[in-house]
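K.L.:
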Amino acid sequence: MERLTLPSGGAAAVDDYLEYRRIVGDDDGGKLFTPEEYEEYKKKVLPMRLQNRLFVSWRSPTGMDCKLVGPETLCFCTHRYKQHKTDFETIPQQRPISLPCRVTGCPCRTYLYVPLNGTQPIRCRCKHFADQHSAAAGFICNVCAPSIEFLDSPVTTMDHPFLKSFQASSSSSPETLTDVGTSSQVSSIKRPEEDDMAFFERRYQERIKMEKVAKQKGKAPLPSSKKPS
674 MERLTLPSGG AAAVDDYLEY RRIVGDDDGG KLFTPEEYEE YKKKVLPMRL
724 QNRLFVSWRS PTGMDCKLVG PETLCFCTHR YKQHKTDFET IPQQRPISLP
774 CRVTGCPCRT YLYVPLNGTQ PIRCRCKHFA DQHSAAAGFI CNVCAPSIEF
824 LDSPVTTMDH PFLKSFQASS SSSPETLTDV GTSSQVSSIK RPEEDDMAFF
874 ERRYQERIKM EKVAKQKGKA PLPSSKKPS
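The opening residue of the sequence shown carries number 674 in this note's numbering; numbering runs sequentially from there.
Spelled out as structure tokens, the structure:
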């Protein structure tokens with residue numbers, strides 16, 4: 674590890690910068706305030722923060738866990754609490770108070786704490802992590818959510834499982850299904866009276882029978898009978 678050597682008074686300068694960053698945050702727009710601007714900022718903001726300070730906390734629906742949100746606590750949008758609007762001249766009357774993200778281009782409208790499962794991030798019911806979702810209202814999954822073009826596409830016979838099994842691979846160049854292919858596709862459809870175990874057992878026995886027939890005829894094993902995608 675590299676050792677940093679500070680000149681005389683360097684440690685005090687680092688402490689002053691850390692204090693400046695805790696007070697100002699990103700309000701300077703990436704350009705440091707002059708000493709005069711910094712003093713004016715403190716005179717305006719610090720009394721307002723003391724009078725209208727917000728305390729944000731989270732509690733699980735079962736009441737078994739809670740969290741006091743701090744400046745570095747991450748939001749659903751992956752930005753920190755201190756990067757959201759937290760300074761108010763007067764406290765808004767509506768509840769909950771909206772704390773939009775101030776990062777340029779972020780669609781987050783209010784701070785939302787995302788709890789952890791131990792040390793691991795939680796997963797949505799779609800099996801993807803919270804940071805794989807959009808921060809905009811609706812919180813659509815960026816991995817598995819269909820696009821607007823897909824939702825606006827017309828419904829065809831390929832969208833129905835039963836019709837899809839008899840649909841040719843290409844609508845522009847239809848192909849004639851063989852007897853084996855047709856029977857295989859019909860057989861791959863689960864029957865109403867079958868449970869899962871009976872369906873898989875029937876498919877397994879059919880596969881064994883087809884392989885035996887292929888060996889007797891001196892042919893290669895038939896390809897796996899999967900539904901066309």
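Backbone N, C-alpha and C define an ideal beta-carbon position, used for all residues, glycine too.
1) For the beta strand (DSSP E) that lysine 740 lies in, which residues bound it at each end?
2) Would cysteine 799 be called buried (16 or more neighbouring beta carbons within 10 Å of its own) or exposed?
3) Since arginine 798 is in the beta strand (DSSP E), which residue starts that stretch and which ends it?
4) In angstroms with no decimal places, state the Cα-to-Cα distance between lysine 888 and proline 865.
5) Provide the residue span of the alpha helix (DSSP H) that contains arginine 694, from first to last.
6) Should histidine 757 and tyrosine 784 be called a contact, given that it needs their Cβ atoms to be closer than 8 Å?
7) With 16 other CB atoms within 10 Å as the buried threshold, where does leucine 747 fall?
8) At which residue ranges does the segment 726-765 contain complete beta strand (DSSP E) runs of 3 or more residues, listed in the order of the chain?
9) Could you round the C-beta distance between cysteine 781 and cysteine 750 to whole angstroms and report it? I think they count as a contact, below 8 Å.
10) According to DSSP, is serine 842 part of a helix, a strand, or is it coil?
11) Got a sec? Which residues, its chain only, sit under 8 Å from arginine 775 by beta carbon, not counting five neighbours each side?
12) Which residue wins for smallest C-alpha separation from glutamine 724, given the options Glu709, Ile764 and Thr678?
13) Excluding the five sequence neighbours on either side, which residues of its own chain have a C-beta within less than 6 Å of the C-beta of leucine 741, listed in chain order?
14) If you draw a straight line from the alpha carbon of proline 788 to that of histidine 801, how long is it in whole angstroms?
15) In its own chain, which residues sit with a C-beta less than 8 Å from the C-beta of phenylalanine 872, not counting the 5 before and 5 after it?
16) For the candidate residues Cys779, Pro827 and Tyr690, whose alpha-carbon lies nearest to that of glycine 682?
17) Report all residues from its chain with a CB closer than 8 Å to the CB of serine 846; omit the five preceding and five following residues, and keep chain order.
18) Can you tell me which of the three DSSP states glutamine 805 falls into?
19) The alpha helix (DSSP H) with lysine 890 in it runs from where to where?
20) Take the Cβ of alanine 803 as the centre, count every other Cβ of all protein chains shown within 10 Å, and call the residue buried at 16 or more, exposed below.
21) How is leucine 785 classed by DSSP in three states: helix, strand or coil?
22) So what does DSSP say about glutamine 767, is it helix, strand or coil?
P.N.:
Walking through what the data contain:
1) Lysine 740 -> beta strand (DSSP E) spans 739-741.
2) It counts as exposed.
3) Per DSSP, arginine 798 is not a residue of any beta strand (DSSP E), being assigned neither H nor E.
4) Using only the alpha carbons, I get a separation of about 32 Å.
5) Segment 683-697, the alpha helix (DSSP H) holding arginine 694.
6) In this structure, the beta-carbon distance from histidine 757 to tyrosine 784 falls below 8 Å.
7) Per the 10 Å Cβ criterion, buried.
8) Taking only runs of at least 3 residues, the beta strand (DSSP E) segments lying wholly in the segment 726-765 are 730-732 and 739-741.
9) Their Cβ separation, rounded to whole angstroms, is 4 Å, which keeps cysteine 781 and cysteine 750 in contact under 8 Å.
10) Below a pLDDT of 50, predicted positions are generally treated as unreliable, and serine 842, at 47, falls in that range; no measurement from the model is reported.
11) Excluding positions up to five away in sequence, the list reads Asp699, Gln756, His757 and Lys758.
12) Minimum Cα distance to glutamine 724 is reached at Ile764.
13) If the five residues before and after leucine 741 are omitted, its C-beta is found closer than 6 Å to the C-beta atoms of Ser730, all from its own chain and listed in chain order.
14) Proline 788 and histidine 801: Cα-Cα distance of roughly 15 Å.
15) Within the same chain, phenylalanine 872 has close Cβ partners Lys863 and Arg864.
16) Residue Tyr690 holds the alpha-carbon nearest to the alpha-carbon of glycine 682 among Cys779, Pro827 and Tyr690.
17) For serine 846, the pLDDT reaches just 44, beneath the cut-off of 50, and the residue's location in the model is therefore unreliable, leaving the point undetermined.
18) Residue state, collapsed to three classes: helix.
19) Going by DSSP, lysine 890 is part of no alpha helix (DSSP H) at all; its letter is neither H nor E.
20) Classification for alanine 803: buried.
21) Three-state DSSP puts leucine 785 in coil, outside helix and strand.
22) DSSP, reduced to helix, strand and coil, places glutamine 767 outside both helices and strands of the structure shown, so it counts as coil.
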